[in-house]
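2 protein chains.
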Amino acid sequence: MTEFSSIIQNVSRFITLTKEEEQLFTSLLRIQKVRKKQFIVQPEYVCQYRTYITTGALRSYFVGNDGQEYTIALAIDDWWISDFTSYINQEPATLFVEAVENSTLIQISYQNEQMLYEKVPKFERFFRIHSQRGAAAIQKRMLWSISKTAEERYEEMQKTYPQFLQRFPQYVIASYLGMTTQFLSRIRNQKLKG
Amino acid sequence: MTEFSSIIQNVSRFITLTKEEEQLFTSLLRIQKVRKKQFIVQPEYVCQYRTYITTGALRSYFVGNDGQEYTIALAIDDWWISDFTSYINQEPATLFVEAVENSTLIQISYQNEQMLYEKVPKFERFFRIHSQRGAAAIQKRMLWSISKTAEERYEEMQKTYPQFLQRFPQYVIASYLGMTTQFLSRIRNQKLKG
DNA sequence: CAAAAAAGTTAATCCGGTTTAACCGCTTTT
DNA sequence: AAAAGCGGTTAAACCGGATTAACTTTTTTG
Chain A
0 MTEFSSIIQN VSRFITLTKE EEQLFTSLLR IQKVRKKQFI VQPEYVCQYR
50 TYITTGALRS YFVGNDGQEY TIALAIDDWW ISDFTSYINQ EPATLFVEAV
100 ENSTLIQISY QNEQMLYEKV PKFERFFRIH SQRGAAAIQK RMLWSISKTA
150 EERYEEMQKT YPQFLQRFPQ YVIASYLGMT TQFLSRIRNQ KLKG
Chain B
0 MTEFSSIIQN VSRFITLTKE EEQLFTSLLR IQKVRKKQFI VQPEYVCQYR
50 TYITTGALRS YFVGNDGQEY TIALAIDDWW ISDFTSYINQ EPATLFVEAV
100 ENSTLIQISY QNEQMLYEKV PKFERFFRIH SQRGAAAIQK RMLWSISKTA
150 EERYEEMQKT YPQFLQRFPQ YVIASYLGMT TQFLSRIRNQ KLKG
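Chains A and B, in that order, give the protein sequences. The opening residue of the first sequence carries number 0 in numbering that gives the first Met the number 0; numbering runs sequentially from there. The opening residue of the second sequence carries number 0 in numbering that gives the first Met the number 0; numbering runs sequentially from there.
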């Protein structure tokens, strides 16, 4: 039972590791504590790490020319987060990734990930499956964002990720769901009444 | 120079294959010709194949309860397409995948793909990178769909994939861009004027 | 603990894009 | 060659959700 047991469990959903492989893997990781409101990725800097959340809550978001925030991803305990586009292409980020709560993270650097693939090729499989699932999730979200009303999107979130509604402030939820805080407030209110 | 040379080139962007590996790979593929308007995936049937387009044009789309079509993906020569969610989880599809032109496809079945991973683990890497890029592309599209106006989305498409505007009919483009054909028509018209 | 800043609510007004509907080519079918 | 069907255009009426703005509540900070 170490500080790495949760990430090893997470990885073990898709691949099986020997003790030696586990050790090699964890030797390439670093533990990072961040405080609420701290950024781990900022636009124009290359995203250096793939990040796993041991405990806490983070979000990634984009800021448009008009200053409006668009939340791309929400993540809590046992989820992964990053500006993946920046990370995989090792190019400047376009997103912020910000801690919404004080959090404990486990990170792997791009260099170490490449080394990991060489030494334990199984991880190609892990991240393949992980990326495929991620792509499916984003696609579903896109489909919802273009085909459902604001109210339906809110209801879906209530049903699928009720924990998120507790842990993220309203303005974050609203920007994740693609609506204004005012409109979200109206929806919540008329659901209480109606 | 075989019927498989284009797919091998495509795969060789990310991994290097020996002659034997190439042969093993192509032995697991099948070639499929489809005519315009034919479906290769339909809702409720499990998507059996990952599909590479040698030549032609296809699209995947979702039909809402109201009967409205939402185009998820457009693909032409040298692109991959599927209902990936259905394929990777081997669960019933929610999308249609339809040929927009007479097309020549190369397909790998789910079973054969698993066998390929066993015999040539490099393909884990290929599909990892492929999925990561796919996820990045969908994410960008989602960001555009929530943060840009209909006109900006059309202009972006004009800039990024001008070929698509030639090969897909207007109503497909409109549903890909998340607007009505009427509104797309208006945009195109007022851009001509001025 | 007070003051200031951030988060959330409520309501009036406004607008980007949909809906509805009529019409015009072009293909396809018979 | 007529009929039918599909893809595309145009325009009026309409609506979901944004904008603006004033206010209340909660959280953060000195």
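In this text, a Cβ means the ideal position worked out from N, Cα and C, and glycines have one as well. A quick note: this is a predicted structure, and the numbers were derived from the prediction, not measured.
Range of the contiguous alpha helix (DSSP H) that encloses residue i
i                : result
ALA134 (chain B) : 121 to 146
THR159 (chain A) : 149 to 159
PHE83 (chain B)  : 83 to 88
ALA173 (chain A) : 169 to 176
VAL10 (chain B)  : 4 to 10
7 Å Cβ cutoff, residue i in contact with chain B
i                : result
ALA135 (chain A) : yes
GLN131 (chain A) : yes
LEU142 (chain A) : yes
ILE105 (chain A) : no
TYR69 (chain A)  : yes
GLY63 (chain A)  : yes
GLN138 (chain A) : yes
GLY66 (chain A)  : no
THR179 (chain A) : no
PRO161 (chain A) : no
Where the beta strand (DSSP E) containing residue i begins and where it ends
i                : result
ARG195 (chain A) : Lying before the first or after the last residue shown, residue 195 (chain A) is absent from chain A, which here runs from 0 to 193.
ALA72 (chain A)  : 68 to 75
PHE38 (chain B)  : 38 to 40
LEU104 (chain B) : 102 to 108
ILE52 (chain B)  : 48 to 54
GLU43 (chain A)  : First-last for GLU43 (chain A): undefined, no H or E at that position.
VAL96 (chain A)  : 95 to 98
Which listed residue (the options) has its alpha carbon closest to that of residue i
i                : options                                : result
LEU16 (chain A)  : A:PHE122, A:ILE75, A:ALA134            : A:PHE122
SER85 (chain A)  : A:GLN106, A:TRP79, A:TYR48, A:GLU19    : A:TYR48
GLU20 (chain A)  : A:LYS118, A:GLU155, A:ILE52            : A:LYS118
LEU73 (chain A)  : A:GLN189, A:GLY177, A:PHE167           : A:PHE167
PHE3 (chain B)   : B:PHE13, B:LEU115, B:SER26             : B:SER26
GLU97 (chain B)  : B:ALA56, B:HIS129, B:ARG140, B:GLN162  : B:ALA56
TRP79 (chain A)  : A:ILE6, A:LEU176, A:TYR175             : A:ILE6
SER11 (chain A)  : A:GLU43, A:PHE126, A:LYS190, A:THR54   : A:PHE126
GLU90 (chain A)  : A:ILE52, A:PRO42, A:TYR69, A:ARG132    : A:PRO42
ALA92 (chain B)  : A:LYS139, A:ILE52, A:THR53             : A:LYS139
THR53 (chain A)  : A:LYS36, A:THR1, A:PHE38, A:ILE87      : A:THR1
LYS190 (chain A) : A:SER174, A:GLN169, A:GLU150, A:LYS35  : A:GLU150
ASP77 (chain A)  : A:GLN8, A:LEU176, A:LEU164, A:SER174   : A:GLN8
MET156 (chain A) : A:ARG187, A:GLN181, A:HIS129           : A:ARG187
GLU68 (chain B)  : B:SER174, B:THR180, B:ASN88            : B:SER174
ILE87 (chain A)  : B:LYS158, B:THR180, B:GLU112, B:ILE128 : B:ILE128
PHE13 (chain B)  : B:LYS35, B:ARG124, B:GLN162            : B:ARG124
THR70 (chain A)  : A:PRO120, A:ILE172, A:GLN181, A:ARG185 : A:ILE172
Presumed contact (8 Å Cβ cut-off) between residue i and residue j, rounded CB distance
i                : j                : result
VAL40 (chain A)  : SER81 (chain A)  : 7 Å
VAL99 (chain B)  : ARG58 (chain B)  : 6 Å
PHE83 (chain A)  : TYR60 (chain A)  : That pair is no contact at about 14 Å.
ALA134 (chain A) : ILE137 (chain B) : 6 Å
LEU183 (chain A) : TYR160 (chain A) : Rounded, the Cβ-Cβ distance is 15 Å, inconsistent with contact.
LEU115 (chain A) : PHE24 (chain A)  : 7 Å
GLN113 (chain B) : SER130 (chain A) : About 17 Å; that fails the 8 Å criterion.
Proximity test, Cβ basis, 7 Å: residue i and chain A
i                : result
ARG127 (chain B) : yes
GLU155 (chain B) : no
ARG49 (chain B)  : no
SER81 (chain B)  : no
PRO91 (chain B)  : no
THR84 (chain B)  : yes
SER26 (chain B)  : no
ILE14 (chain B)  : no
SER146 (chain B) : yes
ARG124 (chain B) : yes
ILE87 (chain B)  : yes
ALA42 (chain B)  : It should be noted that the sequence gives Pro, not Ala, for residue 42 (chain B). No, PRO42 (chain B) does not count as interfacial toward chain A.
PRO120 (chain B) : yes
task = Indicate whether the contact test is met: 3 or more Cβ pairs, each with one atom in the stretch 57 to 68 of chain B and one in the stretch 143 to 155 of chain B, closer than 8 Å.
result = Because the criterion of three Cβ pairs below 8 Å is not met, the stretch 57 to 68 of chain B and the stretch 143 to 155 of chain B do not touch.
ask   = Would you call the stretch 102 to 115 of chain B and the stretch 20 to 31 of chain B touching, i.e. three or more CB-CB distances under 8 Å?
value = Yes, the stretch 102 to 115 of chain B is in contact with the stretch 20 to 31 of chain B.
Touching by the beta-carbon criterion (3+ pairs, under 8 Å), the stretch 106 to 113 of chain B and the stretch 42 to 56 of chain B = Touching, yes, given that three or more Cβ pairs across the two stretches are closer than 8 Å.
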